[in-house]
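Using the UniProt record's numbering, you'd call the opening residue of the sequence shown number 1 and step up by one each time. Remarks on the structure that follows.
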Amino acid sequence: MEQIYKPSLVGRDLEGNKYYEIANPESSRMKRVVKYRKGYDMWTYVAGGKRLPVQWSAWLTHTRAHPPTLEELYADIERQKRVMLGAAMIEAREREAVVAAQLAEQPSISAHRSDSSSVEPLPSSQTSPPNSQQESREVASGTWQGKPDPFAHVPKGADQTQSWAPRAIRRG
């Protein structure tokens, strides 16, 4: 006849879940299980809607030798609140810096616009686009609108793929 081992309550978490240890006759270490507050709560945890506290997860997987205390769980909740508050403060500071940078940039733009409005327009002969023959000559000579070709120094065919040829490493 097989002996039935009674689970012993080890602790609870802040959500009301209970954690038990059960003697395991096939192994030297105890079996650790969680009994969720409500039966259907298990599906919320499995689906990822809720998470078990990290301390209890570590205890369940035998990563942690001793179960966490309620004080430790409360301290972790307070730590999480401090981290969230610090992150919110940093985000607010960054938003303020972005707004300040935009405001600092904005007057220079408006000053630039007022300066450009006082400039007289160029005669129509100077504003007309260059003809297509001149453009084609510039492209053929390696320049575009007076600027040198940025790819002139690259050898022809350098962008073609080549087979991999590993080199032997000499040691000693």
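For every residue, glycine included, the Cβ atom is placed at its ideal position computed from N, Cα and C.
(request) Would you give the residue range spanned by the alpha helix (DSSP H) that Val154 belongs to? (result) Walking along the sequence shown from the start, residue 154 turns up at place 154. Taken as a continuous stretch (DSSP letters only), Val154 belongs to no alpha helix (DSSP H), as it is neither H nor E.
(request) Using DSSP bridges, identify the partner residues of Ile77. (result) On the sequence shown, position 77 is the one that residue 77 refers to. Ile77 is not bridged to any residue.
(message) Which runs of the beta strand (DSSP E) at least 3 residues long sit entirely within the stretch 11–78? Give them in chain order.
(response) Here the runs fully enclosed are 18–22, 31–35.
(request) Note down the Cα distance separating Val10 from Gly86, rounded to an integer number of angstroms. (result) Translated into the one-based positions of the sequence shown, residue 10 becomes position 10. Translated into the one-based positions of the sequence shown, residue 86 becomes position 86. Approximately 34 Å between the Cα atoms of the pair.
(message) Taking DSSP's pairing of strands, which residues face Leu9 in a bridge?
(response) Reading the sequence shown from its first residue, position 9 is the one you call residue 9. For Leu9, DSSP records a beta bridge to Tyr20.
(request) Give me the Cα-Cα distance between Asp13 and Glu91, rounded to the nearest whole angstrom. (result) Counting from 1 along the sequence shown, the entry for residue 13 is found at position 13. Counting from 1 along the sequence shown, the entry for residue 91 is found at position 91. Those two C-alpha atoms are separated by around 32 Å.
(request) Could you check which residue in Asn17, Pro7, Asn24, Arg29 has the C-alpha nearest to that of Gln39? (result) As a working note, residue 39 is residue 39 in the sequence shown. In the sequence as displayed, the identity of residue 39 is Gly instead of Gln. Taking only the C-alpha atoms, the option nearest Gly39 is Asn17.
(request) Can you say whether Pro155 is buried or exposed, counting buried as having 16 or more other CB atoms within 10 angstroms of its CB? (result) The residue you call residue 155 lines up with position 155 of the sequence shown. With fewer than 16 other beta carbons inside 10 angstroms of its own, Pro155 counts as exposed.
(message) Counting C-beta neighbours from all protein chains within 10 Å, is the total for Arg171 16 or more, i.e. buried, or is it exposed?
(response) For the purposes of this step, residue 171 is taken as residue 171 along the sequence shown, with counting starting at 1. Counting other Cβ atoms within 10 Å of its Cβ, Arg171 stays below 16 and is therefore classed as exposed.
(request) Would you kindly check if the distance between the Cβ of Tyr36 and the Cβ of Met30 is under 9 Å? (result) Within the sequence shown, numbered from 1, the residue matching residue 30 stands at position 30. Within the sequence shown, numbered from 1, the residue matching residue 36 stands at position 36. No, the pair does not count as a contact, with Cβ atoms beyond the cut-off.
(message) By the three-class DSSP mapping on this structure, what secondary structure does Ser128 have?
(response) Your numbering for residue 128 matches position 128 in the sequence shown. Unreliable positioning characterises Ser128 in this predicted model, as indicated by a pLDDT of 48, which lies under 50. The coordinate reading is nonetheless provided below. In this structure, Ser128 counts as coil in the three-state DSSP scheme.
(message) Which of the three DSSP states is assigned to Ala92 in this structure?
(response) Locating residue 92 in the sequence shown gives position 92, where the first residue counts as 1. In the three-state reduction of the DSSP assignment, Ala92 falls in the helix class.
(request) Could you work out which residue in Glu15, Ala23, Ala100 is closest to Tyr5 when comparing CA atoms only? (result) Residue numbering aside, residue 5 sits at position 5 when the sequence shown is read from its first letter. Ranking the options by Cα distance to Tyr5, first place goes to Ala23.
(message) Measuring alpha carbon to alpha carbon, tell me which residue in Lys81, Gln55, Ala152 is nearest Leu73.
(response) The residue labelled residue 73 in the question sits at position 73 within the sequence shown. With distances taken between Cα atoms, Leu73 lies closest to Gln55.
(request) Go ahead and label Ser128 buried or exposed: buried means 16 or more other beta carbons lie within 10 angstroms of its beta carbon, across all protein chains shown. (result) By one-based count along the sequence shown, residue 128 stands at place 128. Note that Ser128 scores 48 on pLDDT, short of 50, meaning its location in the model is unreliable; the coordinates nonetheless yield the value given after this. So Ser128 ends up on the exposed side.
(message) Quick check: Glu15 and Lys50, are their CB atoms within less than 9 Å of each other?
(response) Along the sequence shown, read from residue 1 onward, the residue named residue 15 stands at position 15. Along the sequence shown, read from residue 1 onward, the residue named residue 50 stands at position 50. In contact: Glu15 and Lys50 (Cβ atoms closer than 9 Å).
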